Amino acid sequence: MADQQEILSGLAEIVNEVAGVPVDSVQLDKAFTDDLDIDSLSMVEVVVAAEEKFGVKIPDDDVKDLRTVGDAVTYIAQAGA
Amino acid sequence: MTTEPRSDARAIVVTGIGATTPVGGDVASTWDGLLAGRSGVRSLTEEWASELPVQFAARVAVDPSDVLDRVEARKLDRTQQLALVAAREAWADAGTPEIDPERLGVSIATGIGGALTLLGQWDVYRESGPRRVSPHTIPMLMPNGPAAVVGLEFSARAGVHTPVSACASGAEAVAQGLAMIREGRADMVVVGGTEACIHPLPLAAFAAMRALSKRNDDPPAASRPWDTERDGFVFGEGAAVLVIETAEHAKARGAKIYGEVAGAGITADGHHIAQPDPEGKGATRAMRAALADADATPSDVVHINAHGTSTPQGDVAEALAIRTALGDAVADVAVTSTKSMTGHLLGAAGAVESLACVMALHDQLIPPTINLHNLDPEVQLDIVSGQARKIADDRFPGAVALNNSFGFGGHNVALAFRSYP
């Protein structure tokens, strides 16, 4: 399974593709909405792309808890464990 | 006779123009191309085209992906992309107006809407399942999507509209913008039309109606309004946008003025879902209504940018309607069809041709109808054929140009433009 750093760089690529945010700006402490300006529709794209990339399931009910990039990295690491 | 000029408080004028068409990626290149008689019609090189009865179309000269930011473009249907490109040009041309958002309106039409998104996401669904369908699908495919995107771009809050009347949509959008200002709902409206659905299904569907030209061996010669060899219209894509406001409002902010949007006439045939009334009675009433609304008479009309799609029936019906509407004054009216060069932009056609009318009056030059070698004997009009024609000085001030747009469903929209001052 991917380690935290690999998940972070994979997520950064997805966020860059979906929202044009520079890869270097996608850091663990950044909030998807407030810091990276990702709206709810684009967040759906990020989640679906992450599911595919990391081979995990992220139910819609859990997405609302993924406020920061760090939340997502932790979730994906645990879901894939 | 020339009627009394309108006061600046009543005259609604064009202060900004933008376009992306098969002839050019902006207004300057489009207008130069139209005056030069350049066709934007080309063979389709996609693999899917080979099995279609019609293997050519009029694609935009500059792809929107060359102009828009990648991330911005991926959330926009191609109709929205083209509308945004044209709207930004028009807005900058209008001097990037500073206006109370609650006094700014938008009226941007489309005939078909986001068909490429609908069809593209259906492919995604079938290939990869429902979970892969983009969350942006609905905002991209809804027909009001282009108007909404343009409204967001300029924070327009007076009202954002999307008239839909097939190939009359773009003209109806201009009429709607005119109404918004007259009704006092807005001080400025961004009006126009957009269309982008060059894809095998719409092409096959229009071909199934036997509406399209099948001149596969010579696409640039396929759109030939009023020529005896015409065999249907040419499917096109593109967008045009105009910024309109009262002359008083324009002058107060120091804007340049291209011309007046003087009147609109909207009627319906009540005849057939897809065939024109053979005598063009609805079209005649629309032209008369537009002139009345403009406080103009047939003798003020110097030019008509006709619907002229190059279909066997429609071209004749419109010619009859023009003669009936203008009476004896028709002898001094120069008629053209810029669709001979742009192809038929469906819901964008009325917007592109409104722009052409405004520019013709402004520059005193009428673009030619190309590919017209043998005039249909049933068409008794003075067609500007082969090369551009100057409008004589003595027709000014008060010169009026009409634009006709007719749509499946029996929709007729005529717009009257006047030189300003």
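Protein chains in written order, with our numbering: chain A, -8 to 72; chain B, 780 to 1200. C-beta: ideal position from N, C-alpha, C; glycine also. Since the structure is predicted, the reported quantities are computational estimates derived from the model, not experimental observations.
Looking only at its chain, what residues have a beta carbon closer than 7 Å to the beta carbon of A954 (chain B), apart from the 5 residues adjacent to it on each side? Excluding sequence neighbours, A954 (chain B) sits near A1043, I1045, V1192 and L1194.
Roughly how many angstroms lie between the CA atoms of T746 (chain B) and M919 (chain B), to the nearest whole one? This structure cannot speak to residue 746 (chain B), because chain B is shown only from 780 to 1200.
Where does H940 (chain B) sit, in a helix, a strand or coil, going by DSSP? H940 (chain B) carries a strand assignment under DSSP once its states are collapsed to helix, strand and coil.
Between D1006 (chain B) and N1183 (chain B), which are expected to be in contact by the criterion C-beta below 8 Å, what is the C-beta distance as a whole number of angstroms? About 18 Å separates the two Cβ atoms, so there is no contact after all.
Any chance the region 1000 to 1015 of chain B sits against the region 871 to 889 of chain B, with 3 or more Cβ pairs inside 8 Å? Too few Cβ pairs lie closer than 8 Å, so no.
Quick check on the burial criterion: 16 or more other C-beta atoms within 10 angstroms. Buried or exposed for P843 (chain B)? P843 (chain B) should be labelled buried.
Mind listing, in chain order, the continuous beta strand (DSSP E) runs of no fewer than 3 residues lying wholly within the region 799 to 876 of chain B? Considered as a whole, the region 799 to 876 of chain B harbours no complete run of any beta strand (DSSP E) with no fewer than 3 residues.
So that I know if they touch, is there some Cβ in chain B lying closer than 7 Å to that of V60 (chain A)? Not an interface residue.
Just to confirm my understanding: we take V9 (chain A), look at its own chain, exclude 5 residues before and 5 after, and list those with CB closer than 6 Å. What are they? Around V9 (chain A): S33, E36 and V37.
Over the uninterrupted alpha helix (DSSP H) stretch that includes S948 (chain B), give me the two end residues. DSSP places S948 (chain B) inside the alpha helix (DSSP H), whose first and last residues are S948 to R961.
Beta-carbon contacts of H1152 (chain B) that lie in its chain and below 7 Å, excluding the five residues immediately before and after: Residues of the same chain with a CB within less than 7 Å of the CB of H1152 (chain B), apart from the 5 flanking positions on each side, are D1006 in chain order.
Check whether the region 1055 to 1062 of chain B and the region 1019 to 1029 of chain B are in contact - that is, three or more C-beta pairs closer than 8 Å. The region 1055 to 1062 of chain B vs the region 1019 to 1029 of chain B: no contact.
Whole-angstrom distance between V793 (chain B) and A1110 (chain B), CA atom to CA atom: The straight-line gap separating the alpha-carbon atoms of A1110 (chain B) and V793 (chain B) is approximately 28 Å.
Three-state secondary structure assigned by DSSP to H1123 (chain B): Three-state DSSP puts H1123 (chain B) in a strand.
For a cutoff of 7 Å on Cβ pairs, would you count V802 (chain B) as touching chain A? No, V802 (chain B) does not count as interfacial toward chain A.
Consider the Cβ of H915 (chain B): report whether some Cβ of chain A lies at a distance smaller than 7 Å. So yes, H915 (chain B) belongs to the interface.
Identify, in the order they occur along the chain, each residue of the same chain with its Cβ nearer than 6 Å to the Cβ of G874 (chain B), setting aside the five sequence neighbours on each side. Cβ neighbours of G874 (chain B) beyond the five flanking positions: A1034.
Determine which residues share a DSSP beta bridge with E769 (chain B) and list them. The shown model of chain B, from 780 to 1200, leaves out residue 769 (chain B), and the question about it has no answer.
Please go through the same chain and pick out, in chain order, the residues whose beta-carbon is closer than 7 Å to the beta-carbon of S1116 (chain B), but skip the five residues on each side of it. Excluding residues within five positions, the ones whose Cβ falls inside 7 Å are P1004, A1085, G1087 and T1148.
Which of the three DSSP states, helix, strand or coil, is assigned to D1172 (chain B)? Of the three classes helix, strand and coil, the one that applies to D1172 (chain B) here is helix, per DSSP.
Have a look at P925 (chain B) and P801 (chain B) and give me their C-alpha separation to the nearest angstrom. Distance between the alpha carbons of P925 (chain B) and P801 (chain B): 19 Å.
Range covered by the beta strand (DSSP E) that runs through E1024 (chain B): Where E1024 (chain B) is concerned, the enclosing beta strand (DSSP E) stretches over G1017 to T1025.
In the DSSP assignment, find the unbroken alpha helix (DSSP H) run with T65 (chain A) in it and report its ends. Counted as a single uninterrupted DSSP element, the alpha helix (DSSP H) harbouring T65 (chain A) occupies residues V60 to A70.
I believe F1196 (chain B) touches E1039 (chain B) by the beta-carbon criterion, under 8 Å. Please report the beta-carbon distance rounded to the nearest angstrom. That pair is a contact at about 6 Å.
DSSP three-state assignment for D56 (chain A), whether helix, strand or coil: The three-state reading of DSSP puts D56 (chain A) in coil, since its state is none of H, G, I, E or B.
Would you kindly report the start and end of the unbroken beta strand (DSSP E) that includes V1080 (chain B)? Under the DSSP assignment, V1080 (chain B) falls in the beta strand (DSSP E) whose first and last residues are V1080 to N1084.
The beta strand (DSSP E) with M967 (chain B) in it runs from where to where? Here the beta strand (DSSP E) through M967 (chain B) covers M967 to E974.
I'd like to know if V792 (chain B) contacts chain A, where contact means its C-beta is closer than 7 Å to some C-beta of that chain. By this cut-off, V792 (chain B) is not an interface position.
Let's test the definition: count the other Cβ atoms within 10 Å of the Cβ of A807 (chain B) and tell me whether it reaches 16, buried, or not, exposed. Exposed, by the Cβ-count rule.
Neighbour flag for G46 (chain A) against chain B, beta carbons, 7 Å: By this cut-off, G46 (chain A) is not an interface position.
Going along chain E, which residues have a C-beta under 7 Å from R910 (chain B)? Looking for chain E here will not work: the only protein chains present are A and B.
Of all the CB atoms in chain B, is at least one closer than 7 Å to the CB of V35 (chain A)? Taking 7 Å as the CB threshold, V35 (chain A) lines the interface with chain B.
Output the boundary residues of the beta strand (DSSP E) element that contains T1115 (chain B). Where T1115 (chain B) is concerned, the enclosing beta strand (DSSP E) stretches over A1113 to T1115.
At which residues does the alpha helix (DSSP H) containing S913 (chain B) begin and terminate? Going by DSSP, S913 (chain B) is part of no alpha helix (DSSP H) at all; its letter is neither H nor E.
A866 (chain B) and V929 (chain B) - do their beta-carbons sit closer together than 7 Å? The answer is yes: Cβ separation under 7 Å.
Just mark R838 (chain B) as buried or exposed, buried being the case when its beta carbon has 16 or more other beta carbons within 10 Å. Counting other Cβ atoms within 10 Å of its Cβ, R838 (chain B) reaches 16 or more and is therefore classed as buried.
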